[in-house]
Amino acid sequence: MASSQFQPIQGMSDIAAPDSFLWQMIEERARDIFTRYCFSEVRTPILEKTELFIHSLGDTTDVVTKEMYTLEDRGGRKLTLRPEGTASAIRYVAAGGDKTASARIYYMGPMFRCERPQAGRKRQFHQIGVEAIGAPNPLADAEVIALQLHLLAAWGLADAKIRLNTIGLPEDRAAVLNGLREAIRPRLHELPEEAQQRFETNVLRLLDSKDEAVQKIIGAAPPVTEFMCAETRAYLDTVVETLRNLDIDVEVDTSLVRGLDYYVHTVWEVVHGGLGAQNALAGGGRYCIQIGKNAVNGVGFAMGVERVIAALEAGGISAVQFAPPPPVFIVSLGEAALKENLLLLQMLRKHGVACEMELSARKVQAQMRRANKTGARQVIIRGDSELEKGIFVLKNMGDGTQSEVDLPELMKLLT
RNA sequence: GUGGGUGUAGCUCAGCUGGUUAGAGCGUCAGAUUGUGAUUCUGAAUGUCGCGGGUUCGAAUCCCGUCACUCACCCCA
């Protein structure tokens, strides 16, 4: 058992080989897909002014009120480790004025939320996200959703399901809350106490409650879209229609709710079976964020990398499948060969060959054992007699055969 | 923040209702084989039994606290 002094802090973890091979695959394929859709990367600071998140996410949201890592710097400024990526991206866009008014950007990196860890929920977790800036346009929403599904397919997660809804315009809000309350009120007494409180504080949250009693009553209530204006409904219809034309079949799920205040119109979630309670791989939506005097409109999504990995692993994918090809190993017999082999090692590397060698003149047996452990398919053995003849022994670890070759032939065989 | 489960060697775990020096498998290292790995055989090393306190003649085992891991609620990606 590792002593606690060597462990990372609660809810955070080291990501090392072989897992890091899988992380690299995920990031590489994401970059490839983003490039095809003409999105470019933005790397924003991980630490931001606390007020950025309060203003953009909403000062009453759970993320802001109880999940942020906030600290004061030496000047007494309040800073927060970013709990999500959109706020920083939008801050960047707002600073750029016209130049970034139609930016298409993506980001990837760590996010921080101080919650109780569980399956699919770390305190430091990683997101890959995109933001397509621009005035509301249902075609843009559809394009971003298509991009997201393309990316999921590239990762091998074509079986992920998308739940789509609209939370409408700010003007719809009052009608939705009222309509929902009126629909539920007659049966309010049937709800558990906690749900009754939420009826007052945040009715929308009842929509995605896991409580059976709540679900029964919600199921009988009219869908939220019925309380929304014609414009909102037309917007949603166009998104769905556009997706259908792109051969993407989505079901509208009117019980989908989002926890951040900046969303307007389209919102969605990507869920995957076999993930446990935290079954959302990704969340996304259209937003309007006020930064200073500017309102920035856009549509985007964020994918939880840890959850993507969990979904892949549930499907039998393992990180070792993405390990780099095995290296060539060099065995030296005697000090003279050790010195020469160091030169050979660097030369091979400069020619693009991944190779490794034992840096001491240990016994052959020990060196061969290590060569075997590194997974080397080929081993170069060189001692005094090879040095004298100017040749190399090249051993194939698969079948145990070996041959003597000169330098040009060695290079031909290895590169 | 609330609740459940779990902490014994590098890893996976065993250790019966408290009883002598805490075990196994895998892994690691070495030898058999002084210039050849993986296989085989032989041998070796490694533990503050998560940590702290209590009960007891005696605690890995029982009690309390604490920390960590884990799952769920909540929330979200």
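Position 42, counted from 1, in the first sequence is what the working numbering calls 1268; the numbers after and before it change by one each time, with no gaps.
Idealized CB from N, CA, C, for every residue including glycine.
Where does residue i land, buried or exposed, given buried means 16+ other C-beta within 10 angstroms?
| i | result |
| --- | --- |
| Glu1254 | exposed |
| Gly1626 | exposed |
| Asp1473 | exposed |
| Arg1512 | buried |
| Ala1242 | exposed |
| Cys1581 | buried |
| Glu1495 | buried |
| Pro1553 | buried |
| Arg1484 | buried |
| Leu1297 | exposed |
| Ala1228 | Because Ala1228 carries a pLDDT of 41, less than 50, the predicted location of this residue cannot be relied on, and the following value inherits that uncertainty. Label assigned to Ala1228: exposed. |
| Ser1314 | buried |
| Asn1391 | buried |
| Glu1419 | exposed |
| Pro1309 | buried |
| Val1605 | buried |
| Leu1636 | buried |
| Val1531 | buried |
| Ala1329 | buried |
| Asn1520 | exposed |
| Gln1236 | exposed |
| Glu1277 | exposed |
| Leu1629 | Inspection of the sequence shows that residue 1629 is occupied by Ser rather than by Leu. Exposed, by the Cβ-count rule. |
From what residue to what residue does the alpha helix (DSSP H) around residue i run?
| i | result |
| --- | --- |
| Ile1259 | 1245-1262 |
| Val1319 | 1312-1322 |
| Thr1392 | Note, Thr1392: premise wrong, no alpha helix (DSSP H); beta strand (DSSP E) at 1387-1392. |
| Lys1615 | 1610-1615 |
| Met1637 | 1633-1640 |
| Val1465 | 1456-1471 |
| Val1290 | 1288-1292 |
| Lys1325 | That residue, Lys1325, is in no alpha helix (DSSP H); it is neither H nor E in DSSP. |
| Glu1582 | First-last for Glu1582: 1581-1583, but that is the beta strand (DSSP E), not the alpha helix (DSSP H). |
| Leu1378 | 1364-1381 |
| Arg1399 | 1396-1410 |
Report, in whole angstroms, the separation of the C-beta atoms of residue i and residue j, which I expect to be a contact under 8 angstroms.
| i | j | result |
| --- | --- | --- |
| Val1522 | Val1319 | 5 angstroms |
| His1498 | Leu1383 | 7 angstroms |
| Asp1367 | Cys1455 | 18 angstroms between Cβ atoms; not a contact. |
| Met1529 | Gln1353 | 6 angstroms |
| Gly1578 | Thr1492 | That pair is no contact at about 47 angstroms. |
| Thr1458 | Gly1509 | Contact flag wrong, Cβ pair sits at about 20 angstroms. |
| Ile1359 | Thr1326 | 7 angstroms |
| Glu1584 | Gln1593 | 5 angstroms |
| Gly1526 | Thr1312 | 6 angstroms |
| Gly1355 | Gln1504 | The Cβ separation is near 17 angstroms, so there is no contact. |
| Phe1425 | Leu1432 | 7 angstroms |
Would you list the one or two residues that DSSP bridges to residue i?
| i | result |
| --- | --- |
| Gln1344 | Arg1347 |
| Pro1336 | His1352 |
| Gln1628 | Lys1621 |
| Arg1330 | Ala1358 |
| Met1238 | Note: Met1238 sits in no beta bridge, so no partner. |
| Gln1604 | Val1554, Asn1622 |
| Leu1297 | Leu1305 |
| Ser1586 | Note: Ser1586 sits in no beta bridge, so no partner. |
| Leu1273 | Leu1307 |
| Ser1266 | Ile1331 |
| Val1478 | Leu1390 |
Would you mind reading off the limits of the beta strand (DSSP E) that contains residue i?
| i | result |
| --- | --- |
| Phe1207 | There is no way to answer for residue 1207, as the model of the chain reaches only from 1227 to 1641. |
| Thr1276 | Counting along the chain, Thr1276 falls outside any beta strand (DSSP E), though it belongs to the alpha helix (DSSP H) covering 1276-1283. |
| Lys1304 | 1304-1307 |
| His1491 | 1489-1497 |
| Glu1452 | Here Glu1452 belongs to no beta strand (DSSP E), and DSSP marks it neither H nor E. |
> What residue ranges within the segment 1505-1566 form continuous beta strand (DSSP E) runs of no fewer than 3 residues, ordered along the chain?
Replying inline: 1506-1517, 1520-1530, 1554-1558
>> I'd like the ranges of any alpha helix (DSSP H) spanning at least 4 consecutive residues and lying wholly in the segment 1413-1448.
In response: 1419-1427, 1430-1433, 1438-1446
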